[in-house]
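Colleague: Under the UniProt record's numbering, the sequence shown has 363 at position 363, and the numbering climbs by one with no breaks. We put the beta carbon where it would ideally sit given N, CA and C, even for glycine. This structure is a prediction, so every number in the text was calculated from the model and none was measured.
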Amino acid sequence: AFSLFVKAKEVPAAARCPGGGEGVRWRCCRQAFEELPGIHRHVALHHSADLGRQAALGPGPAEAAGSGARPSGHSCSSPEISWVLPDTSHLSHQELTSIILFFLNILFLFAYLCHVVGSQVGEVLLYYCYCEVMDPEKLCAWQKALCQHLHLTGKVRVASEGINGTVGGSKVATSLYIKVMLSQPLFKNILCEEDFKTSAGGAHCFPDLRVGVFKEIVPMGIDPKIVSYKETGIHLSPQEFHREVEQYLSQATQGQSDTILLDCRNFYESKIGHFQGCLAPDIRKFSYFPSYVDENLELFKDKRVLMYCTGGIRCERGSAYLRSKAVCREVYQLKGGIHKYLEEFPDGFYRGKLFVFDDRYAICSNEDIISACRYCGVLWDQYKLCSSQHCRQLVLTCPSCCNKGLTACCPVCQEKELKVASRASGQTLKEECECTRRRPRVPIEHGSPRMLDTGK
């Protein structure tokens, strides 16, 4: 019943991606699926009742009519469905029904446990490892097979300079994933268990699994051969970083600090959470960070720089780029990023939420809300995607404003959403909105740097 249900949701080959590649292979409940584990998980979670009814009713007329034409031990046209069945002629109808119901109960119990383990008590892993990879394509294929075998979803970037991943699944699956990664000869003596940052979540935090080969494992836009991770800044443990920030804040209040606490993340990340007294560049992508440094070199002259990001990977390349300019006195970075800092100092100098690049958008360690609704200004820090079809910007809009229909990132998008909704063709427009147009690609800090400070 399960296999037939999945087979019925298959998109005909002629209707798939014409430009090469498989594209969408299944459609169900207005959702598209490219990978077999995705449609399997969807059916198990949302269609167990349908499967139960289908199994109880028995085969349909077409199946019953063709059943005699299928001799035992032979397969039908689909290789995924086996017609090799055990001999049940010696069983009464009542006994056979009891056995079928018993195994159906086990199946649905298994599906339920997968749902519980995978979504409610699962977790999300965040990690990276810089190392020399001679065959990125081979590592990519191995990584994809490993994730699929463990039913993990998420995103993994592979390059000649290493690997960067964030994956979600059951705790059993993520635990096995860590063990396999640590046993991989390529990562031996480089990657260790504490390099994996964990948070509550599961496979449901990502729409699918994406594993690919790229030039960089974090997109800074600079050739790794020109600015290498090997030239990174000095790593500070969370305890050392905490002491440095404490000293910096104490000196800053007296106007005597020669230190810059630099947030290497994007503006929408620092908007909902950051370290007190930090300099948070108003940039939309990490690939703009090198240009930001170039345009503001005077700001960093003879300064001690304390850098931080989500998990540490952006600081590896970011600090290397800053050091290559030879203007700073010293460059330090938070080892393990904010993730590791919050594990040891949940109520420390980092206030607000920690932005994450999955469907959760943020995880929290304290109760502070430091951002506001875009429309009414009430304290709010839960992101949603702009409701306009042509835009992928994130927007902070509170429930009250959402109920009023204020769900776009800006008035331009709000207006375009109404126009698109009125079109029967469903045509979408190219991204162009007030948010992106009014923000300089690379902001220049005039005079004293703009420091963010929320207090405690």
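For the candidate residues 211, 146, 224, whose alpha-carbon lies nearest to that of residue 132?
Modeller: Selected option, being the one with the closest Cα: 224.
Colleague: For my contact list, residue 361 and residue 341 are in at a C-beta cut-off of 8 Å; report their separation, rounded to the angstrom.
Modeller: Actually they do not touch by this definition, with Cβ atoms about 20 Å apart.
Colleague: What is the C-beta distance between residue 125 and residue 167, in whole angstroms, given that I count them as a contact (C-beta under 8 Å)?
Modeller: 5 Å between Cβ atoms; contact.
Colleague: List the endpoints of the continuous beta strand (DSSP E) containing residue 199.
Modeller: Residues 197-201.
Colleague: Determine the direct distance from the alpha carbon of residue 3 to that of residue 479, and round the result to whole angstroms.
Modeller: Here the chain has residues from 1 to 456 only, and residue 479 is not among them.
Colleague: On the DSSP bridge list, what partners appear for residue 372?
Modeller: Note: residue 372 sits in a beta bridge opposite 379.
Colleague: Taking the beta carbon of residue 24 as the centre, do at least 16 other beta carbons fall within 10 Å, making it buried, or is it exposed?
Modeller: Exposed, since its Cβ has fewer than 16 Cβ neighbours within 10 Å.
Colleague: Is it buried or exposed, residue 164, if we count other Cβ atoms within 10 angstroms and call 16 or more buried?
Modeller: Label assigned to residue 164: buried.
Colleague: Classify residue 256 as helix, strand or coil using the three-state DSSP reduction.
Modeller: In this structure, residue 256 counts as coil in the three-state DSSP scheme.
Colleague: Are at least three pairs of beta-carbons, each pair with one atom in the segment 296-315 and one in the segment 324-337, less than 8 Å apart?
Modeller: Cβ pair count under 8 Å is three or more, so yes.
Colleague: Taking all protein chains shown into account, do 16 or more other C-beta atoms lie within 10 angstroms of the C-beta of residue 353, making it buried, or fewer, making it exposed?
Modeller: When all chains shown are included, residue 353 counts as buried.
Colleague: Cutting at 8 Å between CB atoms, please list the residues of its own chain near residue 175, excluding the five before and the five after it.
Modeller: Here the set comprises nothing.
Colleague: Indicate the three-state DSSP secondary structure (helix, strand or coil) for residue 44 in the structure shown.
Modeller: The answer is helix: DSSP assigns residue 44 an H, G or I state.
Colleague: Would you check if the distance between the CB atom of residue 290 and the CB atom of residue 321 is smaller than 8 Å?
Modeller: Cβ distance < 8 Å, so residue 290 and residue 321 count as in contact.
Colleague: Once the 5 residues before and after residue 271 are set aside, which same chain residues still bring their CB inside 6 Å of it?
Modeller: Correct list, in chain order: 371.
Colleague: Assuming contact is defined by CB atoms lying nearer than 8 Å, are residue 38 and residue 122 in contact in what I supplied?
Modeller: No, these two residues do not count as a Cβ contact at 8 Å.
Colleague: Nearest to residue 198 by CA position, among 310, 32, 283, 239, is which residue?
Modeller: Taking only the C-alpha atoms, the option nearest residue 198 is 310.
Colleague: What separation, rounded to the nearest whole angstrom, lies between the Cα atoms of residue 443 and residue 292?
Modeller: C-alpha separation (whole angstroms): 7 Å.
Colleague: Give me, in chain order, the residues of the same chain whose beta-carbon lies closer than 7 Å to that of residue 433; leave out the 5 immediate sequence neighbours on both sides.
Modeller: If we look at residue 433 and ignore the five residues flanking it on each side, its Cβ neighbours are 391, 393, 409, 410, 412, 413.
Colleague: Mapping the DSSP letters down to three states, classify residue 67 as helix, strand or coil.
Modeller: Low confidence applies to residue 67: its pLDDT is 42, below 50, so where it sits in the model is not reliable enough to give any reading.
Colleague: Give the C-beta separation of residue 211 and residue 147 to the nearest angstrom, bearing in mind that I take them to be a contact with Cβ-Cβ under 8 Å.
Modeller: Sure, about 7 Å apart at Cβ, within 8 Å.
Colleague: Does any CB atom of chain D fall closer than 8 Å to the CB of residue 373?
Modeller: The displayed structure is made up of one protein chain only, and chain D is not part of it.
Colleague: Report back the beta-carbon spacing between residue 152 and residue 169 to the nearest angstrom; my notes put them in contact at under 8 Å.
Modeller: Right, their Cβ atoms sit about 4 Å apart.
Colleague: Below 8 Å on the Cβ atoms is my contact criterion, and I expect residue 336 with residue 312 to pass it. Report the Cβ-Cβ distance as a whole number of Å.
Modeller: Right, their Cβ atoms sit about 5 Å apart.
Colleague: Verify whether the separation of the beta carbon atoms of residue 196 and residue 178 is less than 8 Å.
Modeller: Contact flag set, yes.
Colleague: Could you tell me the alpha carbon to alpha carbon distance between residue 399 and residue 323, rounded to whole angstroms?
Modeller: For residue 399 and residue 323, the distance between alpha carbons rounds to 45 Å.
Colleague: Buried or exposed: residue 243, going by 16 or more other Cβ atoms within 10 Å of its Cβ?
Modeller: With fewer than 16 Cβ atoms within 10 Å of its Cβ, residue 243 is classed as exposed.
Colleague: To the nearest angstrom, how far is the alpha carbon of residue 347 from that of residue 366?
Modeller: Those two C-alpha atoms are separated by around 6 Å.
Colleague: For residue 28, which residues does DSSP report across the bridge?
Modeller: Paired residues: 31.
Colleague: Name the DSSP bridge partner or partners of residue 189?
Modeller: Residue 189 is not bridged to any residue.
Colleague: Closest to residue 338 by C-alpha separation, out of 284, 376, 262, 373, would be which residue?
Modeller: Ranking 284, 376, 262, 373 by Cα distance to residue 338 puts 262 first.
Colleague: Between which two residues does the alpha helix (DSSP H) containing residue 315 stretch?
Modeller: Where residue 315 is concerned, the enclosing alpha helix (DSSP H) stretches over 313-324.
Colleague: Could you pull the start and end residues of the alpha helix (DSSP H) that residue 343 belongs to?
Modeller: Where residue 343 is concerned, the enclosing alpha helix (DSSP H) stretches over 337-344.
Colleague: By alpha-carbon positions, which one of 11, 140, 315, 358 ends up nearest to residue 160?
Modeller: Closest by alpha carbon: 140.
Colleague: Tell me the rounded alpha-carbon separation between residue 359 and residue 94.
Modeller: Cα to Cα, residue 359 sits roughly 47 Å from residue 94.
Colleague: With a threshold of 7 Å on Cβ separation, who are the neighbours of residue 441 within its own chain once the five nearest residues in sequence on each side are excluded?
Modeller: Hits under 7 Å: 288.
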